[in-house]
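Visitor:
Protein chains: 2
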Amino acid sequence: MELEKITESKSSRRRYNDACGAAHALDIVGERWALLVIRELMFGPKRFSDIRASLPGISANVLTQRLEGLETFGVLTRKRLPPPASAWAYELTPWGYQAEPIFQVFGRWGASSPLHDPTLPLSAASILLSFRTMIDANRAEGFSARIGFTIGQEDFVATVADGEISIVREEVRDVAAHFIGRAEALAAAAYGAVPLETLEQDGALRVEGDRALARGFLTLFVLPDKAG
Amino acid sequence: MELEKITESKSSRRRYNDACGAAHALDIVGERWALLVIRELMFGPKRFSDIRASLPGISANVLTQRLEGLETFGVLTRKRLPPPASAWAYELTPWGYQAEPIFQVFGRWGASSPLHDPTLPLSAASILLSFRTMIDANRAEGFSARIGFTIGQEDFVATVADGEISIVREEVRDVAAHFIGRAEALAAAAYGAVPLETLEQDGALRVEGDRALARGFLTLFVLPDKAG
DNA sequence: CGGCATCCGGGAAGATACTG
DNA sequence: CAGTATCTTCCCGGATGCCG
Chain A
354 MELEKITESK SSRRRYNDAC GAAHALDIVG ERWALLVIRE LMFGPKRFSD IRASLPGISA
414 NVLTQRLEGL ETFGVLTRKR LPPPASAWAY ELTPWGYQAE PIFQVFGRWG ASSPLHDPTL
474 PLSAASILLS FRTMIDANRA EGFSARIGFT IGQEDFVATV ADGEISIVRE EVRDVAAHFI
534 GRAEALAAAA YGAVPLETLE QDGALRVEGD RALARGFLTL FVLPDKAG
Chain B
354 MELEKITESK SSRRRYNDAC GAAHALDIVG ERWALLVIRE LMFGPKRFSD IRASLPGISA
414 NVLTQRLEGL ETFGVLTRKR LPPPASAWAY ELTPWGYQAE PIFQVFGRWG ASSPLHDPTL
474 PLSAASILLS FRTMIDANRA EGFSARIGFT IGQEDFVATV ADGEISIVRE EVRDVAAHFI
534 GRAEALAAAA YGAVPLETLE QDGALRVEGD RALARGFLTL FVLPDKAG
């Protein structure tokens with residue numbers, strides 16, 4: 354008898370009912386984990402387990418709910434992978450990819466928090482998105498190179514030219530330098546001023562190819578000043 | 354004996370434990386209503402009840418919790434108002450004000466959602482922030498004026514010059530045109546192409562001063578294209 | 001094994017009533 | 001007016017289990 358009321362409450366009581374575009378964005382991605390799921394898809398489609406592996410802490414049922422919600426809102430789509438994988442892959446829609454500026458401004462603002470701890474665990478997508486966000490155009494002006502990354506099982510290639518950087522997820526080939534290791538080590542090298550040698554001795558990071566170039570690449574990025 | 358574990362779970366289980374700056378931002382403003390509370394403070398300090406009045410749907414205890422949380426994270430501060438008000442006011446810290454780009458990109462992205470409904474209720478802060486976000490530099494190039502707004506009990510003045518707009522909350526004086534009415538009506542006029550006459554007949558909006566200028570002002574803003 | 005559905009405990013959000 | 005107290009509802013997170 355109260356069925357209509359129950360349905361209504363589930364679908365709309367939890368919304369902000371606010372014409373502000375930002376409030377509507379929060380209706381879509383304001384639930385826990387939603388934005389981080391999108392972040393993990395920013396470099397291309399992934400499978401359920403891959404997303405889960407890069408988001409330690411999310412539980413399977415919550416990931417299922419978020420993927421469902423984001424699909425109904427048109428942020429991502431579900432696709433069958435070609436055999437023999439025959440599993441599902443989740444891919445952002447064009448509009449979903451347009452969420453990248455959200456990570457830029459959120460990342461900048463969050464990184465300038467006095468309580469931000471850059472030594473916590475980090476996913477591959479996070480560190481590579483941060484490169485897009487934090488590159489200093491001045492420092493990158495004279496820099497031009499293709500740099501490869503192997504982080505876990507994922508390969509990425511960054512192309513720096515004319516003060517800009519583009520990063521795609523693809524097999525590492527024909528690169529001038531190649532970083533192999535954990536995302537946290539890459540972050541320590543780029544933002545923490547930890548010497549490459551230290552990281553290599555720890556076995557956290559390995560560099561192949563032009564070491565001087567790799568070193569130069571790591572100097573292109575600057576974190577925002579801490580506030581407060 | 355499990356006390357330590359319980360304490361630990363309370364403080365950190367709800368965090369993302371992710372070095373990504375965006376994830377840390379979500380630790381701070383990812384809870385429900387938090388970003389909208391910040392939005393309501395973007396034009397200056399407000400009192401508890403003023404915030405609550407502009408966020409229909411938030412309950413008093415949740416607002417209390419958000420204000421406490423945002424204060425401990427350094428996003429806002431609590432101040433005593435000078436007598437005779439002698440009440441508390443909440444004001445963003447400089448770092449809190451730096452969150453404005455979040456509303457810009459969130460607003461743009463949310464407004465390009467196919468499901469965005471611009472006819473829902475709207476706060477004064479929302480519509481004025483949207484003016485900052487959605488102004489089209491080309492259209493505003495030749496436009497120069499001071500425009501006043503009275504929305505509910507709040508007064509704002511927008512100054513447009515050189516394709517840019519600045520908006521502050523202050524008493525409306527020495528303006529070329531003055532909008533008086535509800536935020537929703539202003540949105541309908543600027544984004545919904547609803548004629549001023551219609552809104553005035555409904556009593557939703559009133560315009561004083563230079564009507565041609567007011568009309569021109571309303572043409573400076575464009576919503577992003579809908580995706581999908 | 002990957003992708004879910006189901007059940008349960010704890011805790012956050014929401015509504016209402018109440019206090020200084 | 002500015003919150004607090006309380007109660008209910010619902011979401012999050014973990015575990016288990018089903019099914020291809």
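One line per chain: the protein sequences are A and B, in this order. The first sequence lines up with residues 354 to 581 when you count with our numbering. The second sequence lines up with residues 354 to 581 when you count with our numbering. Each residue gets a CB set at the ideal place from its N, CA and C atoms; glycine is no exception. Every value quoted in this text rests on a predicted model; they were computed, and no experiment measured them.
Would you say residue 469 of chain A lies against chain B (beta-carbon separation less than 8 Å)?
Guide: Here residue 469 of chain A refers to the residue found at position 116 when the first sequence is read from its first residue. Chain B contact via Cβ: present.
Visitor: Any beta-carbon of chain A closer than 8 Å to the one on residue 370 of chain B?
Guide: Sequence index remark: in the second sequence, residue 370 of chain B carries index 17 (1-based). Yes, because at least one Cβ of chain A sits closer than 8 Å to the Cβ of residue 370 of chain B.
Visitor: From residue 416 of chain B to residue 403 of chain B, what does the alpha carbon distance come to, in whole angstroms?
Guide: Here residue 416 of chain B refers to the residue found at position 63 of the second sequence. Here residue 403 of chain B refers to the residue found at position 50 of the second sequence. The alpha-carbon atoms of residue 416 of chain B and residue 403 of chain B are separated by roughly 11 Å.
Visitor: Pull the bridge partners of residue 500 of chain A from the DSSP assignment, please.
Guide: Translated into the one-based positions of the first sequence, residue 500 of chain A becomes position 147. In the DSSP output, where bridge partners are listed per residue, residue 500 of chain A has A:511, A:530.
Visitor: Cβ of residue 540 of chain B less than 8 Å from any chain A Cβ?
Guide: Indexing the second sequence from 1 puts residue 540 of chain B at position 187. Yes, residue 540 of chain B counts as interfacial toward chain A.
Visitor: How far does the beta strand (DSSP E) with residue 400 of chain B in it extend, from its first residue to its last?
Guide: Position 47 of the second sequence, counting from 1, holds the residue named residue 400 of chain B. Note, residue 400 of chain B: premise wrong, no beta strand (DSSP E); not H, not E.
Visitor: Which one of A:389, A:418, A:421, A:422 has the shortest CA to CA distance from residue 406 of chain A?
Guide: One-based indexing of the first sequence puts residue 406 of chain A at position 53. The shortest C-alpha separation from residue 406 of chain A is found at A:389.
Visitor: DSSP three-state call for residue 443 of chain A: helix, strand or coil?
Guide: In the first sequence, residue 443 of chain A corresponds to position 90, counting from 1. Residue state, collapsed to three classes: strand.
Visitor: How close, in whole Å, do the beta carbons of residue 516 of chain B and residue 493 of chain B come, if the pair is a contact with beta carbons under 8 Å?
Guide: By one-based count along the second sequence, residue 516 of chain B stands at place 163. By one-based count along the second sequence, residue 493 of chain B stands at place 140. Right, their Cβ atoms sit about 5 Å apart.
Visitor: Run through DSSP, which three-state label would residue 571 of chain A get?
Guide: Reading the first sequence from its first residue, position 218 is the one you call residue 571 of chain A. Reduced to three states, the DSSP call for residue 571 of chain A is helix.
Visitor: Pull up the CB-CB distance for residue 536 of chain B and residue 475 of chain B, whole angstroms please, since I reckon it's below 8 Å.
Guide: By one-based count along the second sequence, residue 536 of chain B stands at place 183. By one-based count along the second sequence, residue 475 of chain B stands at place 122. Confirmed, about 4 Å.
Visitor: At a CB distance below 7 Å, what residues from the stretch 398-424 of chain A approach chain B? Give them in sequence order.
Guide: For the stretch 398-424 of chain A, which is checked against every Cβ of chain B, the residues closer than 7 Å are 410.
Visitor: To the nearest whole angstrom, what separates the beta carbons of residue 477 of chain B and residue 391 of chain B, a pair I think is in contact under 8 Å?
Guide: Stepping through the second sequence from its first residue, residue 477 of chain B is reached at position 124. Stepping through the second sequence from its first residue, residue 391 of chain B is reached at position 38. 15 Å between Cβ atoms; not a contact.
Visitor: Under three-state DSSP, which class holds residue 428 of chain A?
Guide: Position 75 of the first sequence holds residue 428 of chain A. The answer is coil: DSSP assigns residue 428 of chain A none of H, G, I, E or B.
Visitor: Against chain A, with Cβ distances strictly below 8 Å, would residue 458 of chain B count as a contact?
Guide: As a first step, residue 458 of chain B is located in the second sequence; it is residue number 105 there, counting from the start. Yes, residue 458 of chain B counts as interfacial toward chain A.
Visitor: Near residue 547 of chain B, what residues of its chain come up, given a Cβ to Cβ distance below 6 Å and the 5 sequence neighbours on each side ignored?
Guide: Sequence index remark: in the second sequence, residue 547 of chain B carries index 194 (1-based). Once the five neighbours on either side are set aside, the close Cβ partners of residue 547 of chain B are 541.
Visitor: By the criterion of Cβ-Cβ separation under 8 Å, what are the contact partners of residue 464 of chain A in chain B?
Guide: Locating residue 464 of chain A in the first sequence gives position 111, where the first residue counts as 1. Within 8 Å Cβ-Cβ: 374, 377.
Visitor: Please list, in chain order, the residues of the stretch 425-450 of chain B that have any C-beta partner in chain A closer than 8 Å.
Guide: Answer set for the stretch 425-450 of chain B: 426, 427, 446, 447, 448.
Visitor: From residue 509 of chain A to residue 581 of chain B, what does the alpha carbon distance come to, in whole angstroms?
Guide: Here the question's residue 509 of chain A lines up with position 156 in the first sequence. Here the question's residue 581 of chain B lines up with position 228 in the second sequence. Going from the Cα of residue 509 of chain A to the Cα of residue 581 of chain B covers about 28 Å.
Visitor: Taking DSSP as the reference, what is the three-state secondary structure of residue 362 of chain A?
Guide: Counted from its first residue, the first sequence places residue 362 of chain A at position 9. Any reading at residue 362 of chain A is ruled out, since the residue's pLDDT is 36, under 50, leaving its predicted position unreliable.
Visitor: Can you tell me whether residue 371 of chain B is buried or exposed? The criterion is at least 16 other CB atoms within 10 Å of its CB, across all chains shown.
Guide: Numbered from 1 along the second sequence, position 18 holds the residue referred to as residue 371 of chain B. Result: buried.
Visitor: From residue 411 of chain A to residue 480 of chain A, what does the alpha carbon distance come to, in whole angstroms?
Guide: Here the question's residue 411 of chain A lines up with position 58 in the first sequence. Here the question's residue 480 of chain A lines up with position 127 in the first sequence. About 19 Å.
Visitor: Does any C-beta atom of chain B lie closer than 8 Å to the C-beta of residue 548 of chain A?
Guide: Against the first sequence, residue 548 of chain A aligns to sequence position 195. Cβ-Cβ to chain B under 8 Å: no for residue 548 of chain A.
Visitor: Would residue 574 of chain A and residue 544 of chain A qualify as a contact pair, given that the criterion is a beta-carbon distance under 8 Å?
Guide: Mapped onto the first sequence, residue 574 of chain A falls at position 221. Mapped onto the first sequence, residue 544 of chain A falls at position 191. Going by C-beta atoms, residue 574 of chain A is nearer than 8 Å to residue 544 of chain A.
Visitor: Specify whether the stretch 556-564 of chain B and the stretch 445-459 of chain B touch according to this definition: at least 3 beta carbon pairs, one from each stretch, less than 8 Å apart.
Guide: Cβ pair count under 8 Å is below three, so no.
Visitor: Please look up how many angstroms separate the CB atoms of residue 482 of chain B and residue 429 of chain B, rounded, as I've assumed it's under 8 Å.
Guide: Within the second sequence, residue 482 of chain B is the residue found at index 129, counting from 1. Within the second sequence, residue 429 of chain B is the residue found at index 76, counting from 1. 17 Å between Cβ atoms; not a contact.
Visitor: For residue 504 of chain B, which residues in the same chain have their Cβ closer than 6 Å to its Cβ, ignoring the five residues on either side in sequence?
Guide: As a working note, residue 504 of chain B is residue 151 in the second sequence. The residues are 477, 536.
Visitor: If you measure between the beta carbons of residue 459 of chain B and residue 378 of chain A, is that distance less than 8 Å?
Guide: Against the second sequence, residue 459 of chain B aligns to sequence position 106. Against the first sequence, residue 378 of chain A aligns to sequence position 25. It is a contact, given that the beta carbons lie within the stated cut-off.
Visitor: Given a cut-off of 8 Å, decide if residue 511 of chain A and residue 324 of chain A are closer than it, judged by their beta-carbon atoms.
Guide: As shown, chain A starts at 354 and ends at 581. That puts residue 324 of chain A outside it, with no answer to give.
Visitor: Taking only beta-carbon positions, decide if residue 383 of chain A is within less than 8 Å of chain B.
Guide: Here residue 383 of chain A refers to the residue found at position 30 of the first sequence. Chain B, which has a Cβ nearer than 8 Å to the Cβ of residue 383 of chain A, makes this yes.
Visitor: Name, please, each residue of chain A whose Cβ falls closer than 7 Å to the Cβ of residue 461 of chain B.
Guide: Along the second sequence, one-based indexing puts residue 461 of chain B at 108. Residues of chain A passing the Cβ test: 374.
Visitor: Establish whether the CB of residue 567 of chain B and some CB of chain A are separated by less than 8 Å.
Guide: Residue numbering aside, residue 567 of chain B sits at position 214 when the second sequence is read from its first letter. It does not: the Cβ of residue 567 of chain B has no partner Cβ on chain A nearer than 8 Å.
Visitor: Determine which residues share a DSSP beta bridge with residue 381 of chain B and list them.
Guide: Locating residue 381 of chain B in the second sequence gives position 28, where the first residue counts as 1. Answer is none; residue 381 of chain B lacks a bridge partner.
Visitor: By how many angstroms is the C-alpha of residue 531 of chain B removed from the C-alpha of residue 443 of chain A?
Guide: Taking the first residue of the first sequence as 1, we reach residue 443 of chain A at position 90. Taking the first residue of the second sequence as 1, we reach residue 531 of chain B at position 178. Residue 443 of chain A and residue 531 of chain B: Cα-Cα distance of roughly 50 Å.
Visitor: Quick check on residue 356 of chain B: does DSSP put it in helix, strand or coil?
Guide: Within the second sequence, numbered from 1, the residue matching residue 356 of chain B stands at position 3. Low per-residue confidence applies at residue 356 of chain B: pLDDT is 35, beneath 50, and the placement is therefore not dependable, though the value from the model is reported in the following sentence. In this structure, residue 356 of chain B counts as helix in the three-state DSSP scheme.
Visitor: Between residue 570 of chain A and the rest of its own chain, which residues show a CB-CB distance below 6 Å, the 5 nearest in sequence each way excluded?
Guide: The count along the first sequence starts at 1 and reaches residue 570 of chain A at position 217. Excluding sequence neighbours, residue 570 of chain A sits near 500.
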